[in-house]
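Start counting the sequence shown at 1; every next residue gets the next number (the working numbering).
C-beta atoms are modelled at their ideal positions from N, C-alpha and C, and glycine is treated no differently.
Only a predicted model underlies this, so the values are computations on that prediction, with no experimental measurement involved.
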Amino acid sequence: MLIDASTLVALISSRICHDLVSPISALTTALDILDDDHGADMRDQAMELIRNSAGQAAVKLEYMRATFGAGTTGVGTADLGELRELARRFIDSQKPELVWTLPVQTTSRAAARILMNLILVGLDCLPRGGTLEVAGHEEDGKLTLHVIATGPRASLKPAVRAGLAGELPEGGFDGRSVQPYMAFLTASAARAELAARESDERIELIVRINA
Numbered sequence: 001m002l003i004d005a006s007t008l009v010a011l012i013s014s015r016i017c018h019d020l021v022s023p024i025s026a027l028t029t030a031l032d033i034l035d036d037d038h039g040a041d042m043r044d045q046a047m048e049l050i051r052n053s054a055g056q057a058a059v060k061l062e063y064m065r066a067t068f069g070a071g072t073t074g075v076g077t078a079d080l081g082e083l084r085e086l087a088r089r090f091i092d093s094q095k096p097e098l099v100w101t102l103p104v105q106t107t108s109r110a111a112a113r114i115l116m117n118l119i120l121v122g123l124d125c126l127p128r129g130g131t132l133e134v135a136g137h138e139e140d141g142k143l144t145l146h147v148i149a150t151g152p153r154a155s156l157k158p159a160v161r162a163g164l165a166g167e168l169p170e171g172g173f174d175g176r177s178v179q180p181y182m183a184f185l186t187a188s189a190a191r192a193e194l195a196a197r198e199s200d201e202r203i204e205l206i207v208r209i210n211a
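Okay, here's the thing in structure tokens:
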């Protein structure tokens, strides 16, 4: 492993906190408005902000728990229908559109964990929105999963490419680039094959794992 376990945990924690900062900060702003007397209109806007921000925070936390938590570790199967719904709600709070064409209903926890990680990688490749497609098929006892990010200025940054390949990026890992490395570690532990392809405004992340 390129970094020690404590540093990996610290960087993943930083990534999770970064994703939660925006909705939590919005909650704080809304509560500050309620503390002051700004009239009924501002109070209604503050309550709407609280509802939206609390919902976003809950969905992001639930997604991170499924991606990094114990629910997708160890032996067992995962319900891809549940994960699809979770991914949809998670992506709905952002710019891209989710297109889920994966026909498989259940898979191993290891495959589910890799998939959830790759969805995060795919989202980071879409700075201006676009489409995130989740596809795949089973053949000869192997499950092949594709996460395809397509959109304006879609790109695979060098640090992300390095992390997916299990290599140390120039300048080392940070809270953003460590997540692709986490995908690599998860795939390696499951003896899965991980690859990335890049073309004009299109990124394809591929994993092949025992079904």
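query                                                                                                        : result
For Arg-208, the first and last residue of its enclosing beta strand (DSSP E)                                : 202-210
Nearest-angstrom Cα separation, counted from Ile-24 out to Ala-57                                            : 7 Å
Length at least 4, wholly inside the segment 36-112: the alpha helix (DSSP H) runs in chain order            : 39-68 and 80-92
Separation of Ala-26 from Ser-93, as counted between CA atoms                                                : 14 Å
Gly-81 beta carbon less than 8 Å from that of Gln-105                                                        : yes
Cross-strand partners of Ser-13 (DSSP beta bridge)                                                           : Note: Ser-13 sits in no beta bridge, so no partner.
Beta-bridge pairing of Ser-199 - partner residues as DSSP gives them                                         : Arg-202
Ranges of the beta strand (DSSP E) found wholly within the segment 116-167, counting only runs of at least 3 : 131-139 and 142-150
Cβ neighbour criterion (16 or more within 10 Å) applied to Pro-103                                           : exposed
Alpha-carbon to alpha-carbon, Leu-145 and Gly-136                                                            : 4 Å
Cutoff 8 Å: Val-59 Cβ touching any chain D Cβ                                                                : This model lacks chain D altogether, as it is built from one protein chain only.
Leu-34 in three-state terms, based on DSSP                                                                   : helix
Residues near Gly-166 in its chain [Cβ-Cβ closer than 6 Å; skip 5 each side]                                 : Phe-184
Selection from Gly-151, Cys-17, Gln-179 and Ser-188 that minimises the alpha carbon distance to Pro-96       : Gly-151
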